[in-house]
């Protein structure tokens, strides 16, 4: 398939793809702050540089984009593989998923607990608040 954009346009478009401070991540940060919890952002010394870190609780939150991290929920429409260039996308996205698993196992080995908030879960705020509260409150 031929790219319909000029290289400069494609570069500008790809530069907007963010790994930090995404809309879902900022939404989760606001919700958690409103719940009264304080956290650290993107702590690089922990495996995977978790999005939100609660040092006192030894818990972390990852806010994953459904497409890039391949949300396993079959009802999630965002996580579908593109029909174009599957030979590129399948190994790329599978590699992301495997890396996430390794990082999560490493966190558990270090005595940290983690929760993943998926992009599509940010569309249902009341359920998301309940899920986060249950995670942060257990064993407090």
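In our numbering, the protein residues as written are 28 to 167. Ideal placement from N, C-alpha and C gives every residue a C-beta, glycine not left out. All figures in this text were calculated on a predicted structure; none of them were measured in a lab.
Helix, strand or coil, according to DSSP, for residue i in the structure here?
| i | result |
| --- | --- |
| residue 161 | helix |
| residue 123 | helix |
| residue 96 | coil |
| residue 101 | coil |
Who are residue i's beta bridge partners in DSSP?
| i | result |
| --- | --- |
| residue 145 | 91 |
| residue 86 | 81, 140 |
| residue 68 | 79 |
By alpha-carbon positions, which one of the options ends up nearest to residue i?
| i | options | result |
| --- | --- | --- |
| residue 157 | 61, 75, 35, 133 | 61 |
| residue 139 | 65, 154, 83 | 83 |
| residue 144 | 49, 39, 31 | 49 |
Check whether the Cβ atoms of residue i and residue j lie closer than 7 Å to each other.
| i | j | result |
| --- | --- | --- |
| residue 162 | residue 87 | no |
| residue 148 | residue 155 | yes |
Is the stretch 96–110 touching the stretch 65–80, taking contact as three or more C-beta pairs under 8 Å?
No: fewer than three Cβ pairs fall under 8 Å.
Counting Cβ pairs, one atom from each stretch, are 3 or more of them under 8 Å apart for the stretch 74–89 and the stretch 54–61?
The stretch 74–89 makes contact with the stretch 54–61: 3 or more CB pairs, one atom from each, lie closer than 8 Å.
Quick check: the stretch 82–92 against the stretch 108–121, are there 3 or more CB pairs under 8 Å?
No, they do not touch.
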